[in-house]
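In our numbering, the protein residues as written are 1401 to 1456.
Given below as structure tokens:
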């Protein structure tokens, strides 16, 4: 998959690397701004309980 993306990017290798970096940054932005906030209520990580063990 990454090879396919690399082959279809225009320009020489430095330009391709810059475009690939911008694509990665765009994907990370979309994940943090839209996908993760949408998925957070669906995940069970907010239901954490801590028992008082030995010594508490």
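Quick reminder that beta carbons are idealized off the backbone N, C-alpha and C, glycines included. What you are looking at is a predicted structure, and each value in this text was computed from that prediction instead of being measured.
The ligand NAD heavy atom lying under 6 Å from the CB of residue i
{"i": "residue 1436", "result": "By its list of ligands, the structure shown contains no ligand whatsoever, and the ligand NAD lies outside what it can speak to."}
Pairwise C-alpha distance: residue j and residue i
{"i": "residue 1448", "j": "residue 1412", "result": "50 Å"}
{"i": "residue 1439", "j": "residue 1421", "result": "25 Å"}
{"i": "residue 1427", "j": "residue 1414", "result": "20 Å"}
{"i": "residue 1435", "j": "residue 1445", "result": "16 Å"}
{"i": "residue 1441", "j": "residue 1424", "result": "25 Å"}
Nearest-angstrom Cβ-Cβ length linking residue i and residue j, presumed shorter than 8 Å
{"i": "residue 1419", "j": "residue 1409", "result": "5 Å"}
{"i": "residue 1406", "j": "residue 1416", "result": "6 Å"}
Boundaries of the alpha helix (DSSP H) in which residue i is found, first to last residue
{"i": "residue 1418", "result": "1413-1430"}
{"i": "residue 1403", "result": "1402-1408"}
{"i": "residue 1437", "result": "1436-1439"}
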